[in-house]
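Read through the structure below, which is laid out as structure tokens, and then see the notes.
Number of protein chains: 6
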Amino acid sequence: MDYLHKVVADIKSLKIQGAENVAKAAILAWSKSPDKKKAAKMLESARPTEPMLRNSIKYLSRYNDPDALLKMIKEADEKIAKYGSNLIPDNSTVYTHCHSSTAVSVMVKAKEEGKHFKVNLTETRPSFQGRITALALAKHGIDVTMHVDSAAMHALKDADLMLIGADVITSYGSAINKIGSGLFAKIAHELNIPVYIAATTMKFDPVTAYGKKEKIEERNSKEVWNIRNKHIHIFNEVFEEIEADHITAFITEFGVIKAEAVMDELEKRYPWMFE
Amino acid sequence: MDYLHKVVADIKSLKIQGAENVAKAAILAWSKSPDKKKAAKMLESARPTEPMLRNSIKYLSRYNDPDALLKMIKEADEKIAKYGSNLIPDNSTVYTHCHSSTAVSVMVKAKEEGKHFKVNLTETRPSFQGRITALALAKHGIDVTMHVDSAAMHALKDADLMLIGADVITSYGSAINKIGSGLFAKIAHELNIPVYIAATTMKFDPVTAYGKKEKIEERNSKEVWNIRNKHIHIFNEVFEEIEADHITAFITEFGVIKAEAVMDELEKRYPWMFE
Amino acid sequence: MDYLHKVVADIKSLKIQGAENVAKAAILAWSKSPDKKKAAKMLESARPTEPMLRNSIKYLSRYNDPDALLKMIKEADEKIAKYGSNLIPDNSTVYTHCHSSTAVSVMVKAKEEGKHFKVNLTETRPSFQGRITALALAKHGIDVTMHVDSAAMHALKDADLMLIGADVITSYGSAINKIGSGLFAKIAHELNIPVYIAATTMKFDPVTAYGKKEKIEERNSKEVWNIRNKHIHIFNEVFEEIEADHITAFITEFGVIKAEAVMDELEKRYPWMFE
Amino acid sequence: MDYLHKVVADIKSLKIQGAENVAKAAILAWSKSPDKKKAAKMLESARPTEPMLRNSIKYLSRYNDPDALLKMIKEADEKIAKYGSNLIPDNSTVYTHCHSSTAVSVMVKAKEEGKHFKVNLTETRPSFQGRITALALAKHGIDVTMHVDSAAMHALKDADLMLIGADVITSYGSAINKIGSGLFAKIAHELNIPVYIAATTMKFDPVTAYGKKEKIEERNSKEVWNIRNKHIHIFNEVFEEIEADHITAFITEFGVIKAEAVMDELEKRYPWMFE
Amino acid sequence: MDYLHKVVADIKSLKIQGAENVAKAAILAWSKSPDKKKAAKMLESARPTEPMLRNSIKYLSRYNDPDALLKMIKEADEKIAKYGSNLIPDNSTVYTHCHSSTAVSVMVKAKEEGKHFKVNLTETRPSFQGRITALALAKHGIDVTMHVDSAAMHALKDADLMLIGADVITSYGSAINKIGSGLFAKIAHELNIPVYIAATTMKFDPVTAYGKKEKIEERNSKEVWNIRNKHIHIFNEVFEEIEADHITAFITEFGVIKAEAVMDELEKRYPWMFE
Amino acid sequence: MDYLHKVVADIKSLKIQGAENVAKAAILAWSKSPDKKKAAKMLESARPTEPMLRNSIKYLSRYNDPDALLKMIKEADEKIAKYGSNLIPDNSTVYTHCHSSTAVSVMVKAKEEGKHFKVNLTETRPSFQGRITALALAKHGIDVTMHVDSAAMHALKDADLMLIGADVITSYGSAINKIGSGLFAKIAHELNIPVYIAATTMKFDPVTAYGKKEKIEERNSKEVWNIRNKHIHIFNEVFEEIEADHITAFITEFGVIKAEAVMDELEKRYPWMFE
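Residue numbers (this note's numbering), protein chains in the order written: chain A, 48 to 322; chain B, 48 to 322; chain C, 48 to 322; chain D, 48 to 322; chain E, 48 to 322; chain F, 48 to 322.
This is the structure:
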């Protein structure tokens, strides 16, 4: 199996996961492939619900410059970490859910800048990605308290802000992220706790402007419960939408902006995304 | 080890669990014990947070009639199942959380009466009691759909009612039940979905009238995550309060009544509880 | 056709309508009937959803004293009018919906006592009972402004209170009244406008304590639209539930009390209702 | 009476109604008129509250190209139908209110694409435009259920989305549409049901940026109730505002976008509108 | 001036203030007066809006036993302090507003029992009674943080509970207390912070059951601003209502109970209040 | 002390206050200073939390044209007054808080245009700036009613709109204004009362796009209470944030626009602000 096929297979099997990891692997695979058109086609269809993957392929097909793209992504990450860390007050509590390398980098940056804060998080069934976040933060000396997902009210009660990542930013200002994100952002909003979403605008999904919605991935029911019983069904949609009016701001490489401004900035700065 | 000590040990080690099972085991142990005072004392302290246990011991100490008490509990259960089943409309969806033998008996009764309905439930981490409920309902041919706890919005979205049990009923109309119950009842209330709590009034906790609150049990953190890391802490409180104004009605042996009426009925009918 | 059959027929055909009018006609018919048991049975089944009718028959069957019952109803009406009129501030605006002779009597009483106020009301499709209310109030010199039902936000905006009647009071503190009542009470509650329900406790429905719900009457679809088209369906449920926590107080013959207190007062004062 | 005067008269008498029909009739009348300035003036004042009419006249006065304008409107309609139909999930329920040819075209497009869905609607007193919508949808084989306006909670309860049109889009993201639209969108928002407004950006009202609000048209009171009584007044404002934060997205020819983005897109694409 | 006249004058001039102080002074004056009927009449009208004053006079007129009454009040105070102190968790923050000797005694009791907690309070313009509370608590070594009234969101943000007193308890479960209490309880309720009202049931106002509302006292405008300008008006109502559904529980001598249970307990225990 | 030092001292000591007055004084001081760089530096640091001051210095450093800047500010003020006055309906009630010369100019403009309206305002402790507003409006013959801050529910109850100024506009659509503004805007939003913020876009704070938040000024505690007691602390933060979704629209020199559009307009029209 050549490199391209291996990367496509790894993306399909979830061996490579996380919107940004998937995009980076695809960029590398594309750059090493002799047949760019074929590579673009295969990679785009490796994971249907990741706009950052598709935007990356679109950029490469247009500009043929993987180095520029990787640099753009790296710089975006650094800016988001910097801007986001400014939003974490000293002596505060951050609530987060699931695992987002972008959200983690914001918290690590804040730690590096000498801020004191602790993190409440929820374990994120069925795959327990909250544990990956807990270990990543603990490695940097950040104190975390893990909660089962249904204890989210307690995890939020003392929080000064909610900070999560996202897989998709839509044209009407909402985001799509791991199951639970919509519910917990709704509660945070009701409790007057600001909700920030740290995400590069590369996750903007241009087809949402045409009313198209990414199909929410429904994963294998065994992840939830390995049971066989004709009366027992399993719901395992792994993402859900976070309403625009529950999001205080997006932390992007273009600044800390309201959801509605993302598309506008993109049209000015990444016109290729709309071609 | 004599029978009394064995029951006390089994209650302490959670081998016997569920408010009603604990109470029934205690009644039996008490009735078999030669030294009633000692039995009462030992049993009361076997599980500090179960008012049904303490109310049972109080009744026995006062009336010395375990058969009457067991009959009273059995009749209460039957009435609750009957009244509650009337609240499940035909062709409806019920949402439930955790495992309550009382709530299950309501749904089984409705099924027996020929009602068609399905049940959405949440798995109830860390101990997955939702699975016990799922299997109990499936056994009676009721179709259930299991959700991870963070997917509660989806489990509730199409529900016509929320039906859960409770361990404690307070003097000011709230209830205490497994973690998540307060959060999901709040959401149900916001979505205009009625929230019913099926519970015998034997679960009324008279000391709440004196402002005393049962300490919420914090169980072993390993139930949540078996990890050792000085930066990682675990929150494992297993119960939470459901606010009175998120509860549409209590389904009790005295009828389907507003929380505030429970204490009033008890004063009239179970005066011994307040002695 | 004898008098009993005529009254039963008139109740069935809606020639006699309004919970209190129906009850009074039934009391008269019962008192004139030689065969009390047969009369009771026929009258009870003339309109299945009116607890005041059934409570009246129950009272008659128990006490055989129609004069006492009519006196009780009359006195209840007078007390409700008196207590309710105290709740209408001078120089205020009352919002009402549909037609309730009890609610009208409250407003007429307030007018008689010299209070200045105006009334905003909604027409109450499909049968336009709001017009009956408008004419009744205008006859007493009270200024009213009629709104289409969908303009309820405007009718409520300047209102100091919402005042309606009810057909049913439940054991868990809610009420059932004409379609729209639940929606408009919800909005009033959100806008911090108190919601009063003027209704004799004779409208308490004891079977709600057993979880039984009156079936909401679905009337002839032609009342809404006289159309025949296989793709066009008509929803014509004419009542809806008003949630307990959207009701500030019930104005009853026992006082201005919280919904939860109604059953308690009834058990003390009308024990026959629970026999 | 010449053609121009006839069209002006028909617009004034409501013989021609609906924002888009009015605009199209005006474009035709203008194109046929020898005196363009006079035609513009007469047409603009034929209906004071329709920005699409005024924007059309402004375009014609600037570019003198009715064919281009009609083509632009036709293409906008087609795009809105296409984008909007993507937002209707298969096996879903749509709630709509009043009659909007744009909203109808979205639903018809979804039907044509093979989607299965049904429509709940409210009759829209006083003029029953909901019936026009019902007949239009039924003609295309779409099943609809008609409700009186006050039964909106029931029409919304099972809906997956709310889809309506609008007469006006303001500079601060709200919309103006038939009475009831603001109330029902508020309820939908509370029940977590997305609210979409299908409307060409030609309905944007530039003067709202100067704080000017279209006067809400108050029509003849006889439409509501043909009564003469000095104590009875009639409120017959036929439009109301829908708050920006109750609107999930506008479905426009520029995409499915947040209200706030509409003005921005217009400044870029229709600069003539702000001249 | 004899003692009775002096007490009446002092009550009228606010030299004696606070519901309980007023009641105690009146009991003493009544007991010393030779003409009980005259004393009752004069004292009742000394301050029209204090039910505890009126209930005390009613009790004296019925039982002629001031010592029993004073003992009853003292015991009620002690019970409320005891029950209420149980509701203050260790290491918590209490939010309070205005000055209530009952609420202060609850906090002092909790301090005496060794609880660690701090108190956020609002100054309570125009008369700055918050300062009296601050000094009373500081004297007992309790740390307090004073806020201007408009900073209530900040005073509430970290609070674990809100604890205030009341002048009036109504028959439908609301309370009347110093201006601001209704607003801040509403906010606390929205932020999921329990709201407790510490008040003897002697403050129950029986006439509220007849729909009568105490007129809210409007004090001298100079308390707010000593200005003379024909265009400047001053609003100085000093009390406002706290809605029943914003009150978690009343802390009374009969226990920590839901508002709706207060009247029921009173009917059972203080029947003289309803004579 | 030279003029520059005097202005800097007056700004620091609050002798010069109000965002616009500070900016104008700084512009004058800068224009009179021989050493522009030094003046810029000193003035910028005279008040750390005023973006209008810093934006003005930035403009002067870039364009060296104080007259153009003052003209720009004057024209902005006039446009805001004009646009804003259009938003005040005839025969209405406006609620305002604190003192904003911009908000006052909107109301004065509306009065000059012959509109009839009255103003409810809150006194704005600790510095009673509400009184400055009251006197300024009274001088123009506008009737005002002053309330203590905790009576805000009463001041808002009959209001048709809330109109305040702001010191800061953020990149994510919120504003920062005097303490109480966030709380009262939240309540207005809940009561369906539109909230307008009148402010020149010169108050936009570009660093908020980098996640930086102005430190909220904590003034001398003696402004609140001149007390010395080791147990008594004073909270005197004088500003608070108003959430974007509680703001109906900003009234700016670019029009009445949604918060999210402000940054977009600024990027187009004031590019120097982002250099």
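Virtual Cβ for every residue (Gly too), placed ideally from N, Cα, C.
inquiry  = For a quick check, are the C-beta atoms of B/V191 and A/I226 less than 8 Å apart?
reply    = It is not a contact, given that the beta carbons lie outside the stated cut-off.
### Message
Strictly by DSSP, which residues pair up with C/N276?
### Response
Partner(s): none; C/N276 has no beta bridge.
- Item | C-beta neighbour in chain H for C/V303, strict 8 Å | Absence of chain H from the displayed structure is noted, the protein chains being A, B, C, D, E and F.
**Message:** Please list the terminal residues of the continuous alpha helix (DSSP H) segment that includes D/H201.
**Reply:** A199 to K204
Subject >> Delimiting residues of the alpha helix (DSSP H) encompassing A/I58 >> reply: Y50 to K59
(Q) I'd like to know if F/N138 contacts chain C, where contact means its C-beta is closer than 8 Å to some C-beta of that chain. (A) no
- Task: Scan the stretch 236-264 of chain C for residues whose Cβ lies nearer than 9 Å to a Cβ of chain F and list them as they occur along the chain.
- Result: E237, L238 and N239
D/L203 to D/H144, Cα distance in whole Å?
11 Å
### A/L134 at chain F interface by Cβ criterion, 8 Å
yes
* **C/L75 - DSSP class collapsed to helix/strand/coil** => helix
Between the stretch 204-211 of chain B and the stretch 246-254 of chain C, can you find at least three pairs of beta-carbon atoms closer than 8 Å? The stretch 246-254 of chain C vs the stretch 204-211 of chain B: no contact.
Point to revise | Interface residues of chain D facing C/D276 [CB-CB closer than 7 Å] | key: Looking at the sequence itself, residue 276 of chain C is Asn, so the reference to Asp does not match. What C/N276 touches in chain D: A185.
DSSP three-state assignment for F/V242, whether helix, strand or coil
strand
Next item on the list: Note down, in chain order, all residues in the stretch 181-207 of chain C with a beta-carbon under 8 Å from any beta-carbon belonging to chain D.
Entry: A181, L182, L184, A185, G188, I189, D190, V191, T192, M193, H194, V195, D196, S197, A198, A199, M200, H201 and A202
Determine the extent of the beta strand (DSSP E) in which C/H236 is found, giving its start and end residues. Looking at the DSSP string, C/H236 is not in any beta strand (DSSP E); the run it does join, the alpha helix (DSSP H), is S228 to E237.
Discussion item. Let me confirm a value: A/A115 is counted as buried when at least 16 other C-beta atoms fall within 10 Å, else exposed. Which label applies?
Written reply: With fewer than 16 Cβ atoms within 10 Å of its Cβ, A/A115 is classed as exposed.
In this structure, what does DSSP give as the bridge partners for F/T248?
Under DSSP, F/T248 takes part in no beta bridge, so it has no partner.
| request: Could you tell me which chain D residues have their CB closer than 7 Å to the CB of C/R109, listed as they occur along the chain? | output: Correct list: empty, because the minimum Cβ distance to chain D is about 38 Å.
Between which two residues does the alpha helix (DSSP H) holding D/N133 run?
Judged by DSSP secondary structure, D/N133 falls within the alpha helix (DSSP H) whose first and last residues are P113 to N133.
- Message: Buried or exposed for B/S147, going by 16 or more other Cβ atoms inside 10 Å?
- Response: Buried is the call here.
So if I threshold CB-CB distances at 7 Å, which residues from the stretch 286-297 of chain D count as touching chain A? D292, T295 and A296
Hey, is the stretch 98-106 of chain D in contact with the stretch 59-71 of chain D, meaning 3+ C-beta pairs nearer than 8 Å? yes
- Message: Any beta carbon from chain F within less than 8 Å of A/D311's own beta carbon?
- Response: The beta-carbon of A/D311 is placed less than 8 Å from the nearest beta-carbon of chain F.
Quiz item: Between which two residues does the beta strand (DSSP E) carrying A/I189 extend?
Solution: No beta strand (DSSP E) contains A/I189, which DSSP labels as neither H nor E.
(message) DSSP has C/V215 in a bridge; who is on the other side?
(response) In the DSSP output, where bridge partners are listed per residue, C/V215 has C/I223.
Check: Out of curiosity, what's the CA-to-CA distance linking F/A181 and F/N167?
Finding: Using only the alpha carbons, I get a separation of about 9 Å.
Q: Verify the CB distance criterion: does C/Y317 have a CB-CB separation below 8 Å to chain B?
A: no
| said: If I follow the unbroken beta strand (DSSP E) through A/I294, where does it start and stop? | reply: Careful: A/I294 lies outside any beta strand (DSSP E) and carries neither H nor E.
Q.
At the level of alpha carbons, what is the spacing between A/F164 and A/K129?
A. Taking the straight line from one Cα to the other gives about 16 Å.
### Message
Restricting to Cα atoms, I'd like to know which of D/P95, D/T96 and D/L117 is closest to D/A76.
### Response
Checked all of D/P95, D/T96 and D/L117; the closest Cα to D/A76 is D/L117.
Below 8 Å on the Cβ atoms is my guess for B/T171 versus A/S197; work out the distance and round it to an integer in Å. Contact flag correct, Cβ pair sits at about 7 Å.
_Range of the contiguous beta strand (DSSP E) that encloses B/I304_ = G302 to I304
Note the first and the last residue of the continuous alpha helix (DSSP H) segment covering B/S103. P98 to Y110
task = Find out if the Cβ-Cβ distance for the pair D/G212, D/A245 is shorter than 8 Å.
result = yes
*Could you confirm whether any beta carbon from chain B is found closer than 8 Å to the beta carbon of C/E322?*
no
Inter-stretch contact at 8 Å, needing at least 3 Cβ pairs: the stretch 214-221 of chain D / the stretch 218-235 of chain B: no
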